[in-house]
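**Student:**
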Amino acid sequence: TGWTAITAGQGILVSVKSGTVTSAYSVDGGVNWVDVNTLPATSAWSSIAFGQNHFVATATDSSTVAISIDKGATWISRDISSPDSTTPAGLQKIAYGQGQFMITAYKTGEDGEGYTYVATSQDGYNFEWEGVGSGEITSNGFNAVAFGTHQRVGYWAIIDTDSGNSVYRIKTGATTKAR
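Per the numbering used here, the sequence shown starts with residue 9, numbered consecutively.
(1) Taking the beta carbon of Lys179 as the centre, do at least 16 other beta carbons fall within 10 Å, making it buried, or is it exposed?
(2) DSSP three-state label for Lys25, please.
(3) Do Tyr33 and Ile2 come within 7 Å of each other at the CB atom, strictly closer than that value?
(4) Per the DSSP calculation, Trp11 is bridged to which residue(s)?
(5) Could you say which of Gly132, His62 and Thr124 lies nearest to Asp168 if we only look at CA atoms?
(6) DSSP three-state label for Trp164, please.
(7) Below 6 Å CB to CB, which residues in the same chain sit around Trp41 once its five sequence neighbours on both sides are set aside?
(8) At the level of alpha carbons, what is the spacing between Gln60 and Tyr104?
(9) Take Ser26 and list the residues in its own chain whose beta-carbon comes closer than 6 Å to its own, dropping the five residues that flank it on each side.
(10) Run through DSSP, which three-state label would Trp83 get?
(11) Using a Cβ-Cβ cut-off of 8 Å (strictly less than) and excluding sequence neighbours within five positions of Tyr114, which residues of its own chain qualify?
(12) Between which two residues does the beta strand (DSSP E) carrying Phe150 extend?
(13) Return the CA-CA distance between Asp87 and Gly156, expressed in angstroms with no decimal places.
(14) May I ask you to report which of helix, strand or coil DSSP gives Leu99?
If you want it as structure tokens, here you go:
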């Protein structure tokens, strides 16, 4: 197993290694790296994002995210369950945009009707599962996620796991807060 994901935040690069408890960080643009064995479990770490001043990593064999508030030096775990609360969610990818984290998942649900959900969080700690497509999407999940803007409106894009040929656009974002 090797390094599977990398992201940047607060002037730091952080990477996770699948099948281990190892992450690494670099404070000099990737010239030198510090390996740390502090991920909360030996999992198939597959994705990492930075937002709200912390790093959040996901694993494809779990419903648990790893969170670091100290630039990747130490990590805590947070179980986000799954939409049907019976099977591990199989968290695929995580991204951050417009004040919100979004995680895709791929496991077939208990009812056998697929897994058309994404998990969202404004703080990176408390995730909620949201259905995608109001029933018109039949899929066993989504394996990629990205955030972007079009004509100054933020959108998420997710890719279907079944064929890899279907991309769905989701308009969602963080709730506006008073200042």
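Think of the CB as a built atom: it goes at the ideal place given N, C-alpha and C, for glycine as much as any other residue.
**Tutor:** The relevant details are as follows:
(1) exposed
(2) strand
(3) Only positions 9 to 187 of the chain appear in this structure, which leaves residue 2 out of reach.
(4) Lys25
(5) Thr124
(6) strand
(7) Ala32 and Ser34
(8) 9 Å
(9) Thr9, Thr12, Ala52 and Trp53
(10) coil
(11) Thr68, Gly98, Gln100, Tyr123, Asn148, Gly149, Phe150, Asn151 and Thr169
(12) Phe150 to His158
(13) 27 Å
(14) strand
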